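Protein chains in written order, with this note's numbering: chain W, 42 to 501; chain D, 42 to 501.
Glycine residues also receive a C-beta, built at the ideal position from the N, C-alpha and C atoms.
Quick caveat, the model's predicted, so the values are computed rather than measured.
Take a look at the structure set out below.
Number of protein chains: 2
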Amino acid sequence: MSENKIPYKIYLSETEIPKQWYNLNAVMKIKHDPFLNPATLKPCTADELKEVFCSECVDQELNRKDVYIDIPEEIRDFYKMYRPSPLVRAYCLEKALGTPAKIYYKFEGNNTSGSHKLNSAVAQAYYAKKQGLKSVTTETGAGQWGTALSMACAYFGLDLTVYMVKVSSEQKPHRREVMRTYGAKVVASPSDTTEAGRKILKEFPGTGGSLGCAISEAVEKAVTSDSCRYVLGSVLDHVVLHQSVIGMESKAAMEKYGVSPDMIIGCCGGGSNFGGLIAPFMGEKIQGKNNIDFIGVEPASCPSLTRGRYVYDFCDSAKITPLAKMYTLGCGFMPAANHAGGLRYHGMSPIVSALYNQGYMRAVSVEQTKVFEAAEMFARIEGILPAPESSHAIRVAVDEALKCKETGEEKTILFGLTGTGYFDMSAYKQYNDGTMKDSIPDEASLAQGFSTIPDIPQNK
Amino acid sequence: MSENKIPYKIYLSETEIPKQWYNLNAVMKIKHDPFLNPATLKPCTADELKEVFCSECVDQELNRKDVYIDIPEEIRDFYKMYRPSPLVRAYCLEKALGTPAKIYYKFEGNNTSGSHKLNSAVAQAYYAKKQGLKSVTTETGAGQWGTALSMACAYFGLDLTVYMVKVSSEQKPHRREVMRTYGAKVVASPSDTTEAGRKILKEFPGTGGSLGCAISEAVEKAVTSDSCRYVLGSVLDHVVLHQSVIGMESKAAMEKYGVSPDMIIGCCGGGSNFGGLIAPFMGEKIQGKNNIDFIGVEPASCPSLTRGRYVYDFCDSAKITPLAKMYTLGCGFMPAANHAGGLRYHGMSPIVSALYNQGYMRAVSVEQTKVFEAAEMFARIEGILPAPESSHAIRVAVDEALKCKETGEEKTILFGLTGTGYFDMSAYKQYNDGTMKDSIPDEASLAQGFSTIPDIPQNK
Chain W
42 MSENKIPYKI YLSETEIPKQ WYNLNAVMKI KHDPFLNPAT LKPCTADELK EVFCSECVDQ
102 ELNRKDVYID IPEEIRDFYK MYRPSPLVRA YCLEKALGTP AKIYYKFEGN NTSGSHKLNS
162 AVAQAYYAKK QGLKSVTTET GAGQWGTALS MACAYFGLDL TVYMVKVSSE QKPHRREVMR
222 TYGAKVVASP SDTTEAGRKI LKEFPGTGGS LGCAISEAVE KAVTSDSCRY VLGSVLDHVV
282 LHQSVIGMES KAAMEKYGVS PDMIIGCCGG GSNFGGLIAP FMGEKIQGKN NIDFIGVEPA
342 SCPSLTRGRY VYDFCDSAKI TPLAKMYTLG CGFMPAANHA GGLRYHGMSP IVSALYNQGY
402 MRAVSVEQTK VFEAAEMFAR IEGILPAPES SHAIRVAVDE ALKCKETGEE KTILFGLTGT
462 GYFDMSAYKQ YNDGTMKDSI PDEASLAQGF STIPDIPQNK
Chain D
42 MSENKIPYKI YLSETEIPKQ WYNLNAVMKI KHDPFLNPAT LKPCTADELK EVFCSECVDQ
102 ELNRKDVYID IPEEIRDFYK MYRPSPLVRA YCLEKALGTP AKIYYKFEGN NTSGSHKLNS
162 AVAQAYYAKK QGLKSVTTET GAGQWGTALS MACAYFGLDL TVYMVKVSSE QKPHRREVMR
222 TYGAKVVASP SDTTEAGRKI LKEFPGTGGS LGCAISEAVE KAVTSDSCRY VLGSVLDHVV
282 LHQSVIGMES KAAMEKYGVS PDMIIGCCGG GSNFGGLIAP FMGEKIQGKN NIDFIGVEPA
342 SCPSLTRGRY VYDFCDSAKI TPLAKMYTLG CGFMPAANHA GGLRYHGMSP IVSALYNQGY
402 MRAVSVEQTK VFEAAEMFAR IEGILPAPES SHAIRVAVDE ALKCKETGEE KTILFGLTGT
462 GYFDMSAYKQ YNDGTMKDSI PDEASLAQGF STIPDIPQNK
């Protein structure tokens, strides 16, 4: 292989770490509908939101004016410890597939937390510290977000309490241990440390907990102290904003080599990684400067974009958060128990939802056995063991590259590889043992989920 | 922090990946004593060794002539998927310690296998493939080596059977699963697939196995087939040779910024990572061109350099391998059951042993609670969760930096960060729970180990 063409890994230099995030909210011609206070059904005010979230994050959440928002020096200094992340030209995968497509992936698993979540965790921890807070709370399910936030809080000297879904805490003791090593207090939820937890425990003794319950506990713990706030790892606009560092770097790295993508593919759970990856490219599409094919990939087990409704819904299953206008399966929807591929969220980032609704992107859903098939192939060929979540994007990138093989098109495909699968080996074991099953919700399951969508005038 | 000084991470470009390995054997003025055939007590011939190992590796093992050995293009292409590895300036750690020392670390955990082991795994798999072999065998204890070799064999299309110490296979099912995901056959050892395994099982039903037994099984499996060979992840000279890519890159990266180390620190188990890290620097020291202070760090629980004997010993506890002249605690030595920090090997690489014996380097031993204390501090400050093995080097680097704080010396310290601790969270849990204990072998334990050293004329 000659030395002077595009390298396997395109590393930008430290000085090329973006100095600004890209705010899709500012560039969208039709803004997404605002969060609603569930009591009044009126748009949430900044002050209301600031009781729960850090002030600067709320200001970013509501900023629909500035396309570029400065990344503070302190956050860039942290970014320097693991960014710029590599943009990899998947030469080995292209060769194995025999495709004329040119495949690139932006790898965000290149830090100890193992995923893109760190990009927003460090920002939120920094703003909390700057505001003079002593501590923050959050919830975590699979543990990627809790891990990333633990790292960020250790760095900035903030106390952190993570409410970890009890069943997950028991099934993933090693995830819990990473958080403890970073100094976080990890509480199995439901717990007796909050009113919400005690109530659930009384009502359902022996329950394994749920993300909805963990959110309730984390929010309660945060709002009952002046020096504490609640932080969230996806869905919200300011999280998408922080994740735009992925797209900004990808764009800079590709431009450095005179390459522009025909297609950008990312997995969609809450939507923050996908929103961040596409941000600056999508901004140009909205401005009529490109015609990139954007594809959000979701699990067939939890198909919020492809089979959900575009309505106002709660962000949590305990129905205590503001209402967001988004594609949702209903806040009471639960993916089938045998779903092992992650991306279990019932709704979708309001920004991503709006882009999809306005026709700027498309969405596809994939079954988990096909996802793990792609994951294993990718691991063996490209040498990186991918997270199940990330592997949704791999699956579709491979499928699109194989289409190019048939048509002879030399499309340039960029996909987001959000993280590593180190802590997902139980799911890989199911796949390796041949015991993994697919589960596509039937109409009755969907109807059951939709019945939990709030019955309010806005949804008529 | 200004932008034009030494960056946090020094990434060489892909074209700067070394084109040659550095062969310490060729530059040493006094060569280390050769391997002996245990039956004849005569030096092993190349032909004898080639029955067990790949031919090209044997030629490298015995090469005491060429200082530089070309890295084949195919191996360099694989290296491009994860190399050059970053050389990190530990600004955050320096600040936290308040030391005038300048600390650098070469991070080898930046690939899916999570450790430096991949550097030799890919080379050995390539040579096996080139020789026309269909398969290779190996053993693994903690799993780093087995994981790395699985990746390499998947890439080159070689069948791999890994004999994994049974107790380790049960305690680390996720490690086993990573290897399976890369297509390796993982056999809990002792097994009924070999004579050696069946014999042990008959003698000790219900045994949890040992590395010695796993080696016996892997070697038996390899030598009973013409198209199969056995590969090993440390100790041997050709493994140290492959690992010299670490030192070559470190040297190139430091020279690029006009920096030269006063001190190089690495952890020592079998010695291949340490030997590889120091190789080109040590070569210059032997030639009188520098006076770097080289420090090998070993666990107080398994102190082969600091408390062992420099004699001929078996490389395995089953006493089936050739005899190597090395620092050893005796091939029957077992670290205390509560030792969780890795680096459990009873002996030491013959090259490293000879360098130590000839006074070119020093060695220190550290207790595991102090090692994990440094590991946790490092994780919180530098953002990388280190492997327990690597943390031995962190401990001593921190101690040396603190000495500089006292004396005001601005020493430049380079240490090797060999891997990540993702699969070592049980050990971190012991530390986090406060249940981790230190164990320093008493004189009786050492005497017991020494009694297993072969009683041959060379050892008189």
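C-alpha distance - residue i paired with residue j, whole-angstrom precision
i: P391 (chain D); j: V286 (chain D); result: 19 Å
i: P113 (chain D); j: D483 (chain D); result: 47 Å
i: E44 (chain D); j: C85 (chain W); result: Because the pLDDT of E44 (chain D) is 38, which lies under 50, any placement of that residue in the model is unreliable, and the number read from its coordinates should be weighed accordingly. Taking the straight line from one Cα to the other gives about 41 Å.
i: V68 (chain W); j: Y271 (chain W); result: 28 Å
i: L318 (chain D); j: R130 (chain D); result: 16 Å
i: I47 (chain W); j: G449 (chain W); result: 21 Å
i: S467 (chain W); j: G383 (chain W); result: 12 Å
i: N332 (chain W); j: M323 (chain W); result: 9 Å
i: L199 (chain W); j: T265 (chain W); result: 17 Å
i: A359 (chain D); j: V163 (chain W); result: 51 Å
i: G371 (chain D); j: G388 (chain D); result: 7 Å
i: S406 (chain W); j: P344 (chain W); result: 6 Å
Cutoff 9 Å: residue i Cβ touching any chain D Cβ
i: C133 (chain W); result: yes
i: V129 (chain W); result: yes
i: H215 (chain W); result: yes
i: V439 (chain W); result: no
i: T347 (chain W); result: no
i: K121 (chain W); result: yes
i: T502 (chain W); result: Since the first residue of chain W shown is 42 and the last is 501, residue 502 (chain W) is not available in this structure.
i: T417 (chain W); result: The residue asked about is misnamed: residue 417 (chain W) is Glu in this sequence, not Thr. Cβ-Cβ to chain D under 9 Å: yes for E417 (chain W).
i: I29 (chain W); result: As displayed, chain W neither begins before 42 nor continues past 501, which places residue 29 (chain W) out of reach and without an answer.
i: A381 (chain W); result: no
i: V272 (chain W); result: no
i: P48 (chain W); result: yes
i: F464 (chain W); result: yes
Cut-off 6 Å between Cβ atoms - residues of its own chain near residue i, not counting five sequence neighbours on either side
i: F413 (chain D); result: Y472
i: A434 (chain D); result: I306, G307, C308, V338, F456 and G457
i: S301 (chain D); result: none
i: Q499 (chain W); result: Y353
i: A17 (chain W); result: Because chain W in this structure spans residues 42 to 501, residue 17 (chain W) falls outside the shown range and cannot be described.
Chain W contact for residue i (CB, 9 Å cutoff)
i: L426 (chain D); result: yes
i: M192 (chain D); result: yes
i: A164 (chain D); result: no
i: Y63 (chain D); result: no
i: N152 (chain D); result: yes
i: Y196 (chain D); result: yes
i: Y146 (chain D); result: no
Close-in-space but distant-in-sequence residues of the same chain around residue i (CB under 8 Å, 5 per side omitted)
i: E236 (chain D); result: E261
i: A404 (chain D); result: C309, I336, G337, V338, E339, L346, T347 and Y397
i: R217 (chain D); result: G184, M205, S210 and V227
i: K446 (chain D); result: L138, G139, T140, P141 and A142
i: T234 (chain D); result: V228, E258 and K262
Check whether residue i and residue j have beta carbons under 9 Å apart
i: S161 (chain D); j: G182 (chain D); result: no
i: L190 (chain W); j: A225 (chain W); result: yes
i: Y49 (chain W); j: K121 (chain D); result: yes
i: N78 (chain D); j: D278 (chain D); result: no
i: A416 (chain D); j: A142 (chain D); result: no
i: G462 (chain W); j: C133 (chain W); result: no
Cutoff 7 Å; reference residue i; Cβ partners in own chain excluding five residues on either side
i: Y168 (chain W); result: C95, E97 and C98
i: M220 (chain D); result: G187, T188, S191, V203 and V227
i: I497 (chain W); result: L82 and Y353
Per DSSP, cross-strand counterpart(s) of residue i
i: M304 (chain W); result: W:D334 and W:I454
i: G460 (chain D); result: D:S156
i: V439 (chain W); result: DSSP, once it has assigned bridges, lists no residue as partnering V439 (chain W).
i: L201 (chain D); result: D:V177
i: W62 (chain D); result: D:I110
i: P84 (chain W); result: W:L77
i: C269 (chain D); result: D:S176
i: R350 (chain D); result: D:T369
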